[in-house]
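See below for the structure under consideration.
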């Protein structure tokens, strides 16, 4: 984006925009190359620090949840083009699910993604999502209209379900968590489809309790960590 484009989009005077860009450039928040203004390394460092804070806040609780369910528990952050894995506590089960930190998955086919999308209005989502959505399994939601209808259920229950929609043989439950940070996060419990029905109700109840405990802790309504 050029200075002229920033000026038009913000409605500020060009001299004001130029001065702000110069100040942000000095601090490393933007870079200017051939007249184009881009996000700078300082913002990347801030984003990394925020993710570290999110992991630090949630880690004791998701460790407890993983131990309680004997399942892997993940912390995800919403990105424009998907959700990104921030932290993971891997189950000790003989057959378990594990992903690499930084893994990105689609929003519309995953429990974490749908939990995050449900926090946004339909108006936001109509402007953000295409009418046709890519499918990764036969169970994937393939249209925006179908997804918007599905998200109403997620909003009502507070829980998103991935029923082998992203990968065959893998299900998940996900709940958005308010960490009072600029970005949006969700906690997800991926479960092999072979044991999902047996674990489903217990996983949902335990995950909702985990998220409530984290949010209460942040609000100052409970102690500093799990008992």
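Residue numbers (the numbering used here): 910 to 1136. Even glycine gets a Cβ: it sits at the ideal position worked out from N, Cα and C.
Can you name the start and end residues of the beta strand (DSSP E) that residue i belongs to?
| i | result |
| --- | --- |
| residue 1059 | No beta strand (DSSP E) contains residue 1059, which is instead part of the alpha helix (DSSP H) from 1053–1066. |
| residue 1069 | 1069–1076 |
| residue 993 | 991–998 |
Hey, out of the options, whose CA is closest to residue i's CA?
| i | options | result |
| --- | --- | --- |
| residue 926 | 934, 936, 915 | 915 |
| residue 1117 | 1063, 1035, 1053, 1092 | 1063 |
| residue 978 | 1005, 1075, 931 | 1005 |
| residue 1008 | 1033, 1076, 1066 | 1076 |
| residue 1036 | 1044, 1026, 1045 | 1026 |
| residue 947 | 912, 918, 924 | 912 |
| residue 973 | 1115, 1061, 917 | 1115 |
| residue 1060 | 1046, 1043, 1033, 1045 | 1033 |
| residue 1089 | 924, 1070, 1125 | 1125 |
| residue 1078 | 1091, 1106, 1055, 1093 | 1106 |
| residue 1091 | 962, 945, 933, 1066 | 962 |
| residue 942 | 1051, 932, 1120, 910 | 910 |
Am I right that residue i and residue j are in contact with their C-beta atoms under 8 Å? What's the rounded C-beta distance?
| i | j | result |
| --- | --- | --- |
| residue 1002 | residue 984 | Not really, about 19 Å apart at Cβ, beyond 8 Å. |
| residue 986 | residue 999 | Residue 986 to residue 999, Cβ: 19 Å. No contact. |
| residue 1096 | residue 966 | Not quite, the Cβ-Cβ distance comes to about 11 Å (not below 8 Å), so this is no contact. |
| residue 993 | residue 1011 | 6 Å |
| residue 982 | residue 1098 | 6 Å |
| residue 1029 | residue 1040 | The Cβ separation is near 17 Å, so there is no contact. |
| residue 988 | residue 1013 | 7 Å |
| residue 997 | residue 1112 | With a Cβ gap of about 16 Å, residue 997 and residue 1112 do not count as contacting. |
| residue 1123 | residue 970 | 5 Å |
So, at 6 Å on beta carbons, what are the nonlocal neighbours of residue i in its own chain, with the 5 sequence-adjacent residues on each side left out?
| i | result |
| --- | --- |
| residue 1132 | Any reading at residue 1132 is ruled out, since the residue's pLDDT is 46, under 50, leaving its predicted position unreliable. |
| residue 921 | none |
| residue 1057 | 1031 |
| residue 1018 | 1045, 1049, 1074, 1075 |
| residue 1102 | 1073, 1078, 1080 |
| residue 919 | none |
| residue 929 | none |
What are the boundary residues of the alpha helix (DSSP H) that includes residue i?
| i | result |
| --- | --- |
| residue 948 | Not the alpha helix (DSSP H): residue 948 falls in the beta strand (DSSP E), residues 945–948. |
| residue 1102 | 1102–1128 |
| residue 934 | 923–936 |
| residue 1020 | 1020–1026 |
What residues are listed by DSSP as bridge partners for residue i?
| i | result |
| --- | --- |
| residue 942 | 945 |
| residue 1095 | 985, 1085 |
| residue 978 | Per DSSP, none; premise fails for residue 978. |
| residue 1035 | Answer is none; residue 1035 lacks a bridge partner. |
| residue 911 | 945 |
| residue 1041 | 1052 |
| residue 968 | None, per the DSSP bridge assignment. |
| residue 1013 | 993 |
| residue 1079 | 1076, 1101 |
Who are the Cβ neighbours of residue i in its own chain at under 7 Å, not counting the five residues just before and after it?
| i | result |
| --- | --- |
| residue 1072 | 1048, 1080 |
| residue 1100 | 980, 1080, 1081, 1108, 1112 |
| residue 1020 | 1069, 1070, 1071, 1081, 1082, 1083, 1097 |
| residue 1024 | 1063, 1069, 1083, 1084, 1085, 1095 |
Only counting the same chain, and skipping five residues up and downstream in sequence, which positions put a Cβ closer than 8 Å to that of residue i?
| i | result |
| --- | --- |
| residue 935 | none |
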